[in-house]
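Report on the structure given below.
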Amino acid sequence: MSLSRSLKLLSVACVVGVVGCAPPAQLTEVPSLPFDDYELSRLDHHTIEYAADLLAAECMRDLGFDWELLPPLPDEDVAPLNHRRYGLFEPRLAASHGYVFVRPPELVARDEVWERRERLPAAERRAALGTEHDNNGCLDQAYERLREDVPEPAGGPDMNDYSSATFDESERAPAVVEVFADWSACMRDAGFRYSHPFDASDDPAWAEGPRPSPQEIAVAQADVSCKHETGLVTVWSAAEARIQRALIAAHPEDFEHFLDVNNAELDAARRVIDELM
1 MSLSRSLKLL SVACVVGVVG CAPPAQLTEV PSLPFDDYEL SRLDHHTIEY
51 AADLLAAECM RDLGFDWELL PPLPDEDVAP LNHRRYGLFE PRLAASHGYV
101 FVRPPELVAR DEVWERRERL PAAERRAALG TEHDNNGCLD QAYERLREDV
151 PEPAGGPDMN DYSSATFDES ERAPAVVEVF ADWSACMRDA GFRYSHPFDA
201 SDDPAWAEGP RPSPQEIAVA QADVSCKHET GLVTVWSAAE ARIQRALIAA
251 HPEDFEHFLD VNNAELDAAR RVIDELM
């Protein structure tokens with residue numbers, strides 16, 4: 001990308017022709033958003049799942065079956081909220097894996113447990129997971145128990161609805177439209193033609209599989225470089241953060257309800273874990 005395009009994204013105090021202006025700082029962490037306070041993290045979800053697993057194991061033992069537990073909870077979240085919400089931004093991953101999502105070992109271990117569960121003998125699987133016509137397996141009963149004291153849904157938009165709406169609106173924000181154009185021009189300078197960052201990552205030329213092609217890696221590296229050069233993720237996340245703050249202020253009861261539900265679910269899960277571990 002040319003220097004003139006980059007300069008538009010510098011501090012307002014840095015004008016064209018001023019010596020000593022620094023380039024946009026490279027993003028090194030997943031951006032946080034106001035909605036984060038009202039959403040369960042991946043670790044929160046795993047805490048609830050682990051508690052349900054412990055209850056399901058008791059139920060399965062009562063029925064005469066073993067139950068392989070999911071791996072113990074990690075000490076910290078291995079896949080934070082908003083990771084790749086705005087696309088790939090890590091140069092190291094772009095160079096080594098292109099757009100292929102590398103699942104952390106902790107998530108791979110969980111996947112393997114679920115794959116083994118899918119291969120359980122019919123009677124054992126039915127006892128654990130129920131059937132498509134009968135959601136009364138041990139795991140279903142475990143979740144029902146965990147949710148006994150959780151407030152009922154409010155009936156309006158849920159957290160996913162709000163999150164999808166703010167993401168869609170952020171793409172239309174003037175600053176984001178402009179930075180998309182800057183990013184696209186940067187990609188053209190690198191020899192690639194995409195109008196939107198997701199057009200690059202979702203290019204049908206990238207075959208699904210564990211190994212990216214050299215072309216995919218080249219595009220991914222250019223994509224990440226152009227994101228850093230234009231400040232795309234910073235601009236985009238800032239625009240969405242403004243939209244989210246406005247929605248929280250406009251619908252405080254909804255967001256307080258989301259918080260109450262999350263806290264009730266987590267409290268119930270932690271009580272079960274403390275009791276059964």
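Residue 1 is where the sequence shown starts when you use the working numbering, and the numbers rise one by one after that. Heads up, the beta-carbon is just placed ideally off N, CA and C, and yes, glycines get one too.
- Its chain contains no residue whose beta carbon lies nearer than 6 Å to that of Asp111 once the 5 sequence neighbours on both sides are disregarded.
- Three or more beta-carbon pairs separated by less than 8 Å link the stretch 197–216 to the stretch 90–105, which places the two stretches in contact.
- The C-alpha of Phe167 lies about 32 Å from the C-alpha of Asp140.
- Per DSSP, the unbroken alpha helix (DSSP H) holding Ser237 starts and ends at Leu232 to Ala250.
- Asp182 carries a helical assignment under DSSP once its states are collapsed to helix, strand and coil.
- DSSP places Asp149 in the coil class of the three-state scheme, outside both helix and strand.
- A contact is defined here as three or more CB-CB pairs under 8 Å, and the stretch 65–79 fails this definition with respect to the stretch 144–163.
- Counting every other CB atom within 10 Å of its CB across the protein chains shown gives Asp161 a total below 16, marking it as exposed.
- Counted as a single uninterrupted DSSP element, the alpha helix (DSSP H) harbouring Glu58 occupies residues Arg42 to Asp62.
- In the displayed model, Asp134 falls within a strand according to three-state DSSP.
- In this structure, Ile48 lies away from Glu208, with their beta-carbon atoms at least 8 Å apart.
- Leaving aside the five residues that flank Ile248 on each side, the residues in its chain whose CB is nearer than 7 Å to its CB run, in chain order, Pro34 and Phe255.
- Remark: three or more beta-carbon pairs, one from each stretch, lie closer than 8 Å, so the stretch 60–67 and the stretch 115–127 are flagged as touching.
- Taking 8 Å as the cut-off, the beta carbon of Ala190 is found no closer than this to the beta carbon of Leu55.
- Counting along the chain, the unbroken alpha helix (DSSP H) around Asp199 starts and ends at Pro197 to Ser201.
- Within the same chain, Met187, Ala190 and Phe192 come within 7 Å of Ala222 by CB-CB distance, once the 5 residues on both sides are set aside.
- Within its own chain, the residues whose Cβ lies closer than 7 Å to the Cβ of Ala239, once the five positions on either side in sequence are excluded, are Ser170, Ala173, Ala175 and Val176, listed in chain order.
- A Cβ-Cβ distance of about 6 Å is found for the pair Leu146 and Ala52, placing them in contact under the 8 Å criterion.
- In the three-state DSSP reduction, Arg116 falls in the helix class (H, G or I).
- Looking at Asp66, Ala94 and Leu107, the one whose alpha-carbon comes closest to that of Pro80 is Leu107.
- Burial is judged here by how many other beta carbons sit within 10 angstroms of a residue's own beta carbon; Asn263 has fewer than 16 and is exposed.
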